[in-house]
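Chemist: If you read the sequence shown in the UniProt record's numbering, its first letter stands for residue 1, the second for the next number, and so on. Glycine included, every Cβ here is placed at the ideal spot set by N, Cα and C. Computed from a predicted model, the values in this text were never measured in an experiment.
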Amino acid sequence: MITSAEYQQRREQLMAKIGTGTAIFRSAPMAVMHNDVEYNFRQDSDFFYLTGFNEPNAVAVLAPHHEKHKFVLFVQPKDPEKETWTGYRTGVEKAKEVYGADEAYPIAELDEKLPQYLQKADRIYYRLGQDEAFNNKVLKHWQKLMRVYPKHGTGPIALQDAGTLLHPMRLLKSETELELMRKAANISVKAHNHARTFAQAGRYEYEIQAEIEHLFGLNGGTPAYPSIVASGANACILHYVENNRQLQEGDLLLIDAGCSYKYYNADITRTFPISGKFTPEQKTIYEIVLKAQIAAIEQVKPGNPYQQVHDSAVRVIVEGLMELGLLTGDIEEIIKEEKYKPFYMHRTGHWLGLDVHDVGVYQWGENPQELQPGQVLTVEPGIYISPEIKPVEGQPEVDQRWRGIGVRIEDDVLVTPQGYDVLTAGVPKSIEEMEG
1 MITSAEYQQR
11 REQLMAKIGT
21 GTAIFRSAPM
31 AVMHNDVEYN
41 FRQDSDFFYL
51 TGFNEPNAVA
61 VLAPHHEKHK
71 FVLFVQPKDP
81 EKETWTGYRT
91 GVEKAKEVYG
101 ADEAYPIAEL
111 DEKLPQYLQK
121 ADRIYYRLGQ
131 DEAFNNKVLK
141 HWQKLMRVYP
151 KHGTGPIALQ
161 DAGTLLHPMR
171 LLKSETELEL
181 MRKAANISVK
191 AHNHARTFAQ
201 AGRYEYEIQA
211 EIEHLFGLNG
221 GTPAYPSIVA
231 SGANACILHY
241 VENNRQLQEG
251 DLLLIDAGCS
261 YKYYNADITR
271 TFPISGKFTP
281 EQKTIYEIVL
291 KAQIAAIEQV
301 KPGNPYQQVH
311 DSAVRVIVEG
321 LMELGLLTGD
331 IEEIIKEEKY
341 KPFYMHRTGH
351 WLGLDVHDVG
361 VYQWGENPQE
371 LQPGQVLTVE
381 PGIYISPEIK
391 PVEGQPEVDQ
401 RWRGIGVRIE
411 DDVLVTPQGY
421 DVLTAGVPKS
431 IEEMEG
């Protein structure tokens, strides 16, 4: 569990960056599923990272220049009648007691109280997001202060994305965060290993999904994202979520599923033969992808550019496809002009943490983002030979025997001072293990 002391440390670290500015963070809104039924609430990750507060309709303000109130929460007040219907509310007083706020107010008082935390700030840090009404509220307050700026020469003269300061912090995981991510990974490993033994010809993709997500729930987790259970040619659809096809003998089954545990996420993909044996074509494609993934993981070490992970996987995939005659020509030209894209159209990974596709920069203009200890990324190369695949101009047509094969292999990898640690290594991926 993240302690209140760690949340406070995060706020203090951010406020040191903010200096004489003021930062505003909005909680996630409730989302309607249909009519008067709402989705389960999931807090905005930035808001949660700084506060641990897990209720909607709240605002956090960080004002390090304020004499007394450096951390302020605006929350829903206690309301016994509404709490009977929709659940417990922390309320104003406990927001200070439990979450360490220097001051707290009812959310209805935001417009009245917010200006006192903005007037002496030199800039406002706020991330324009999905809540257009709240975006407009912040902009309105800022514009009002700018109108009176000429009279006294003080006030926020700029609006800056708070993520530019906060997201580099989120990219480097603390030991407590890594414990939670390991837990999410271990639950996901259990679910994937069970799914491989449960999957049989005649069962439906949604049955496999149900088994996976049942294990998530039994271990205190939830799906980190819609589970992908893609058999046969469905594996060539990157974000296939219908999960309604019946498994057939001879199919490959691609499962991309991860558990979220106390807001921290895992993300694993494995592809295996439902019959227990690869066909020659399936095995050949699988071996290329596995070789590409191993090569990419080997590039995960402090100081290496993030891009190097992707580049390593691409080169192995292109070499493999050229050996099969599925790509022809000069390898450097194929890579530079991305002629491999009909077979491999996505990046080799992404940052992982509170968000599945976690925050963090991948490239600083012309300068690379270097890998650092504490970062967690996925490594997930793939080859997808859709039944309707259309090679780029000048490349050969794809023989029918390859069409309909889709393979992706994905692990979660922690950058360590010495190199890397594969958090999801407990799910088999060698040919021998898959066919054993």
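Alpha carbon to alpha carbon, how far is His-357 from Gly-320? Give it in angstroms, no decimals.
Modeler: As a position in the sequence shown, residue 320 is number 320, starting the count at 1. As a position in the sequence shown, residue 357 is number 357, starting the count at 1. The straight-line gap from Cα to Cα measures roughly 28 Å.
Chemist: My guess is that Tyr-240 and Ala-224 are in contact by the Cβ rule of under 8 Å, so how many angstroms apart are they, rounded?
Modeler: By one-based count along the sequence shown, residue 240 stands at place 240. By one-based count along the sequence shown, residue 224 stands at place 224. Their Cβ separation, rounded to whole angstroms, is 17 Å, which puts Tyr-240 and Ala-224 out of contact at 8 Å.
Chemist: Under 8 Å by Cβ, that's how I've got Gln-293 and Ala-266 pegged, so tell me the actual separation to the nearest angstrom.
Modeler: For the purposes of this step, residue 293 is taken as the residue at position 293 of the sequence shown. For the purposes of this step, residue 266 is taken as the residue at position 266 of the sequence shown. For a cut-off of 8 Å, the C-beta gap from Gln-293 to Ala-266 is around 17 Å, too long to register as a contact.
Chemist: Go to Asp-36, then tell me how far its beta strand (DSSP E) extends in each direction, as first and last residue.
Modeler: The residue given as residue 36 occupies position 36 in the sequence shown. Unbroken run through Asp-36: none, as it is neither H nor E.
Chemist: Let me check you understand the geometry: is the CB of Arg-403 closer than 7 Å to at least one non-hydrogen atom of the ligand NAD?
Modeler: For the structure depicted, the ligand NAD is absent and the ligand set is empty, with no information on it obtainable.
Chemist: Are the beta-carbon atoms of Val-92 and Pro-115 separated by less than 8 Å?
Modeler: Taking the first residue of the sequence shown as position 1, residue 92 is located at position 92. Taking the first residue of the sequence shown as position 1, residue 115 is located at position 115. Result no, Cβ atoms of Val-92 and Pro-115 do not sit closer than 8 Å.
Chemist: Which of helix, strand or coil does DSSP assign to Ala-16?
Modeler: As a first step, residue 16 must be located in the sequence shown, where it is residue number 16. Helix at Ala-16.
Chemist: Determine the contact status of Arg-170 and Leu-354, defining contact as a CB-CB distance below 8 Å.
Modeler: To locate residue 170, count along the sequence shown from 1; it is residue 170. To locate residue 354, count along the sequence shown from 1; it is residue 354. Yes, these two residues count as a Cβ contact at 8 Å.
Chemist: How should Ile-331 be labelled, buried or exposed, when 16 other C-beta atoms within 10 angstroms of its C-beta is the threshold for buried?
Modeler: Position 331 of the sequence shown, counting from 1, holds the residue named residue 331. Classification for Ile-331: exposed.
Chemist: Taking the DSSP output, what are the residues bridged to Cys-236?
Modeler: Locating residue 236 in the sequence shown gives position 236, where the first residue counts as 1. Answer is none; Cys-236 lacks a bridge partner.
Chemist: Excluding the 5 residues flanking Glu-52 on each side, which residues of the same chain have their C-beta closer than 8 Å to its C-beta?
Modeler: The residue labelled residue 52 in the question sits at position 52 within the sequence shown. Note that residue 52 is Gly in the sequence shown, not Glu. For Gly-52, where only same-chain residues beyond five positions count, the Cβ hits under 8 Å are Ile-2, Ser-4, Tyr-7 and Tyr-99.
Chemist: Between which two residues does the beta strand (DSSP E) containing Leu-252 stretch?
Modeler: As a position in the sequence shown, residue 252 is number 252, starting the count at 1. Start and end: 252 to 257.
Chemist: Is Glu-93 close to chain C, meaning its C-beta is less than 8 Å from at least one C-beta of that chain?
Modeler: Structure shown: chain C not included; a single protein chain is present.
Chemist: With distances taken between CB atoms, is the gap from Ala-63 to Leu-73 smaller than 8 Å?
Modeler: As a working mapping, residue 63 is identified with position 63 in the sequence shown. As a working mapping, residue 73 is identified with position 73 in the sequence shown. Against a cut-off of 8 Å, the Cβ pair of Leu-73 and Ala-63 comes out as no contact.
Chemist: Ala-104: buried (16+ other C-beta within 10 angstroms of its C-beta) or exposed?
Modeler: Residue numbering aside, residue 104 sits at position 104 when the sequence shown is read from its first letter. A residue is called buried once 16 or more other Cβ atoms fall within 10 Å of its Cβ, and Ala-104 is buried on that count.
Chemist: Compute the distance between the beta-carbons of residue 444 and Glu-38, then report whether it is under 8 Å.
Modeler: This structure cannot speak to residue 444, because the chain is shown only from 1 to 436.
Chemist: Suppose contacts are defined by Cβ-Cβ distances below 8 Å. Is Tyr-344 in contact with Ile-385 by that definition?
Modeler: Counting from one through the sequence shown, the residue named residue 344 turns up at place 344. Counting from one through the sequence shown, the residue named residue 385 turns up at place 385. No, Cβ-Cβ distance for Tyr-344 and Ile-385 is not below 8 Å.
Chemist: If I measure Cβ to Cβ from Gly-399 and keep anything under 6 Å in the same chain, skipping five residues before and after, which residues do I get?
Modeler: By 1-based counting over the sequence shown, the position of residue 399 is 399. Residue identity differs from the one stated: residue 399 is Asp in this sequence, not Gly. Taken in chain order, the list of residues that qualify is empty.
Chemist: Hey, Ser-188 and Cys-259: beta-carbon distance below 8 Å or not?
Modeler: If you number the sequence shown from 1, residue 188 lands on position 188. If you number the sequence shown from 1, residue 259 lands on position 259. Yes.
Chemist: What whole-angstrom Cβ distance do Gln-395 and Leu-327 have, given they're in contact under 8 Å?
Modeler: Along the sequence shown, read from residue 1 onward, the residue named residue 395 stands at position 395. Along the sequence shown, read from residue 1 onward, the residue named residue 327 stands at position 327. Indeed they touch by this definition, with Cβ atoms about 6 Å apart.
Chemist: State the Cα-Cα distance for the pair Gln-160 and Leu-166, rounded to the nearest angstrom.
Modeler: Position 160 of the sequence shown, counting from 1, holds the residue named residue 160. Position 166 of the sequence shown, counting from 1, holds the residue named residue 166. Each residue's alpha carbon lies about 12 Å from the other.
Chemist: Apart from the five residues just before and just after Lys-68, which ones in its own chain have a Cβ nearer than 7 Å to its Cβ?
Modeler: The residue labelled residue 68 in the question sits at position 68 within the sequence shown. Beyond the five residues adjoining it in sequence on each side, Lys-68 comes within less than 7 Å, by CB distance, of Asp-102 in the same chain, given in chain order.
Chemist: Can you give me the Cβ contacts of Asp-421 inside the same chain, cut-off strictly under 8 Å, excluding the 5 residues immediately before and after it?
Modeler: Translated into positions along the sequence shown, residue 421 becomes position 421. Answer for Asp-421: Val-413 and Leu-414, listed in chain order.
Chemist: What first and last residue would you give for the alpha helix (DSSP H) that runs through Pro-168?
Modeler: By 1-based counting over the sequence shown, the position of residue 168 is 168. Here the alpha helix (DSSP H) through Pro-168 covers 163 to 171.
Chemist: Shortest alpha-carbon distance to Leu-254 belongs to which of His-65, Leu-14, Met-434 and Lys-17?
Modeler: Within the sequence shown, numbered from 1, the residue matching residue 254 stands at position 254. The shortest CA-to-CA distance from Leu-254 to any of His-65, Leu-14, Met-434 and Lys-17 is the one to Met-434.
Chemist: Along the chain, which unbroken stretches of the beta strand (DSSP E) at least 3 residues long are found entirely within the segment 194 to 235?
Modeler: 228 to 231
Chemist: Using only alpha-carbon positions, find the residue among Lys-291, Met-33 and Tyr-88 that is nearest to Val-75.
Modeler: Along the sequence shown, read from residue 1 onward, the residue named residue 75 stands at position 75. Among Lys-291, Met-33 and Tyr-88, the Cα nearest to that of Val-75 belongs to Tyr-88.
Chemist: Which residue marks the beginning of the alpha helix (DSSP H) containing Gly-320, and which one marks its end?
Modeler: Taking the first residue of the sequence shown as position 1, residue 320 is located at position 320. First-last of the alpha helix (DSSP H) with Gly-320: 306 to 323.
Chemist: List the whole-angstrom C-beta distance separating Met-177 from Tyr-264, where the pair is believed to meet the contact cut-off of C-beta under 8 Å.
Modeler: Taking the first residue of the sequence shown as 1, we reach residue 177 at position 177. Taking the first residue of the sequence shown as 1, we reach residue 264 at position 264. Here residue 177 turns out to be Glu, not Met, going by the sequence shown. Going by Cβ atoms, the distance from Glu-177 to Tyr-264 rounds to 6 Å, so yes, they are a contact pair.
Chemist: For Val-148, is the classification buried or exposed, using 16 other Cβ atoms within 10 angstroms of its Cβ as the cut-off for buried?
Modeler: Locating residue 148 in the sequence shown gives position 148, counting from the first residue. By the neighbour-count rule (16 or more Cβ atoms within 10 Å), Val-148 is not buried but exposed.
Chemist: With DSSP as the reference, please indicate the residues paired to Phe-74 in a beta bridge.
Modeler: Locating residue 74 in the sequence shown gives position 74, counting from the first residue. Among the bridge pairs identified by DSSP, Phe-74 is matched with Val-59 and Tyr-105.
Chemist: If you draw a straight line from the C-alpha of Glu-393 to the C-alpha of Gln-308, how long is it?
Modeler: Position 393 of the sequence shown, counted from the first residue, corresponds to residue 393. Position 308 of the sequence shown, counted from the first residue, corresponds to residue 308. Each residue's alpha carbon lies about 28 Å from the other.
Chemist: I need the DSSP call for residue 504, collapsed to helix, strand or coil.
Modeler: Any question about residue 504 goes unanswered here, given that the chain covers just 1 to 436.
Chemist: Classify Leu-247: buried if its beta carbon has 16 or more other beta carbons within 10 angstroms, exposed otherwise.
Modeler: Along the sequence shown, read from residue 1 onward, the residue named residue 247 stands at position 247. So Leu-247 counts as buried.
Chemist: Give me the Cβ distance between Ile-268 and Ile-288, rounded to the nearest whole Å; I'm assuming they're in contact under 8 Å.
Modeler: Residue 268 sits at position 268 when you count from the first residue of the sequence shown. Residue 288 sits at position 288 when you count from the first residue of the sequence shown. No, Ile-268 and Ile-288 are not in contact; Cβ-Cβ is about 20 Å, not under 8 Å.
Chemist: Strictly by DSSP, which residues pair up with residue 441?
Modeler: The structure shown has nothing for residue 441, since the chain only spans 1 to 436.
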